[in-house]
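Have a look at the structure below before the remarks.
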Amino acid sequence: MNSVTTEGGRFYNAYITEHFNYIQWIKSSLIFFGTWIIKAFGFYAIHNEMDVMVIDGPYLRINYSCVGLGVMSFFTAFVIAFPAKLKPKIRLFVIGIVMIYTLNVLRIAGLGVLLGFFKSQRDNFTYHHEVFNVIVYLCIFLLLYFWIKKNTNQTNFLKKTTEHDVHIGN
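Structure (structure tokens):
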């Protein structure tokens with residue numbers, strides 16, 4: 090999608106860029122809500138379509154990898170592939186995507202607030218992306234574990250496997 094929405098890209102299309110650039114919509118909303126939370130903590134922050142600048146605090150650049158599309162794609166693929174009824178899958182999908190999005194907003198706001206309070210640590214916290222991924226994947230796995238436990242009937246599963254077992258010998 091980047092080459093379609095990036096001016097100068099091989100497949101650039103102005104109409105798609107203006108009306109269907111969902112990546113920029115997600116990024117802009119992450120920046121907007123992250124900035125709103127930073128301001129709620131008493132910092133003065135300004136933003137544009139790619140950056141959050143906290144006055145007397147950090148300068149945060151929100152890149153494509155910060156949007157969380159990889160995590161959302163993994164989660165969506167799992168929900169689609171898992172054999173379950175449609176209604177519980179839709180509910181899981183909505184809850185999971187909202188959870189991932191909310192954690193991402195909190196990551197942006199948390200970086201702005203924490204690095205605003207602890208100015209000396211700005212150069213030391215370069216692994217926030219990895220920390221975020223670990224936290225989000227743990228939350229996803231917990232959500233999936235409890236959802237699968239609730240939405241699969243173990244007695245039916247055990248009954249089906251024992252009916253189809255092949256007995257060799259006596």
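So the number in the numbering used here is just where the residue sits in the sequence shown, counting from 1, plus 89.
A virtual CB, placed ideally from N, CA and C, is assigned to each residue, including glycine.
Leaving out five residues on either side along the sequence, give the residues of the same chain with a beta carbon under 7 Å from the beta carbon of residue i.
i      : result
GLY146 : PHE132, GLY201, LEU204, GLY205
PHE130 : VAL202
VAL225 : VAL160, ILE189, LEU192
LEU181 : VAL168, TRP236
GLY240 : Just to set this straight, residue 240 is Asn in the shown sequence, not Gly. Around ASN240: ALA173, PRO177.
ILE105 : VAL93, THR94
Give a yes or no on whether the C-beta atoms belonging to residue i and residue j are separated by under 7 Å.
i      : j      : result
ALA198 : ILE126 : yes
MET142 : ILE151 : no
ILE189 : VAL160 : yes
ILE229 : PHE171 : no
ARG196 : PHE221 : yes
Would DSSP call residue i helix, strand or coil?
i      : result
ARG99  : coil
MET139 : coil
ALA198 : helix
TYR216 : coil
ALA173 : coil
TYR133 : coil
At a Cβ threshold of 7 Å, is residue i touching chain D?
i      : result
ILE197 : Here chain D cannot be found, since the structure has a single protein chain.
Tell me which same chain residues have a C-beta within less than 6 Å of the C-beta of residue i, skipping the five on either side of it?
i      : result
LEU231 : none
TYR148 : MET142
Quick one: what's got a C-beta closer than 8 Å to residue i's C-beta in the same chain, skipping five residues either side?
i      : result
TYR101 : SER92, VAL93, THR94, THR95
HIS217 : ARG196, LEU200
VAL156 : ILE112, ILE115, LYS116, LEU119, ASN193
Could you tell me whether the stretch 168–178 touches the stretch 115–131, where touching means 3 or more Cβ pairs closer than 8 Å?
-> no
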